[in-house]
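To keep things clear, I will list the structure first and then write my remarks on it.
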Amino acid sequence: MRVPPLSVPDKESVNERFTSNMLYYQTNYFLVTAVLIGINLILSPISVLVGSCTLTFAVALCNNLDSWWPFASRPSNVVIYAIVCTAILLYMLPMMTPTILCLASISLVIMLHALLRQRNMMNKVTRLLDANAPDRYRSPMGLLLGKYGE
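For what it's worth, full-length UniProt numbering labels the leading residue of the sequence shown as 1, then goes sequentially.
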């Protein structure tokens, strides 16, 4: 029986296509990211730099919270520092908005392309070679996808 051309693909084939395209087009995705961040830097350089620094600090704080959170034993200090951090983030929000929108648009473009682009034979070969390569020879996208369980 033939599958209709406009049917919804199953989850496994979509995951396979996404992973293959992320590995095959990783250089193109890097260039798209660099160009879009460069355009954003030209349009609003201060906002991008301040927003990037603030977002980097917030991510570093969330990732290393257990190792340098000295105020867990004093709840009153926790509330004060939480209020101060929230006030700083709210003050920086207008500067972080272009950076957040730029990163979100880059992610959207890359994910839509990776999901909608049909695979070809070279794409399958690249996926096979990257999946069976030792860690030191794997591509950066292969390492990133391996970290997220693909």
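Think of the CB as a built atom: it goes at the ideal place given N, C-alpha and C, for glycine as much as any other residue.
Everything numeric in this text was worked out from a predicted model, so none of it was measured.
Note that the stretch 39-54 touches the stretch 85-105; at least 3 beta-carbon pairs, one per stretch, sit closer than 8 Å. Less than 9 Å divides the Cβ of I106 from the Cβ of I37.
Secondary structure note for Q26: its alpha helix (DSSP H) is the uninterrupted segment 26-43.
When secondary structure is reduced to three states using DSSP, P9 falls in the coil class, being assigned neither helix nor strand.
Distance from M22 to A114 at the Cβ level is roughly 5 Å; contact confirmed, criterion being Cβ atoms closer than 8 Å. The straight-line gap separating the alpha-carbon atoms of A34 and I42 is approximately 12 Å. When the beta-carbon positions are compared, M111 and F18 come within less than 9 Å of each other. Closest by C-alpha distance to N28, out of L144, G146, V109, Q118, is V109.
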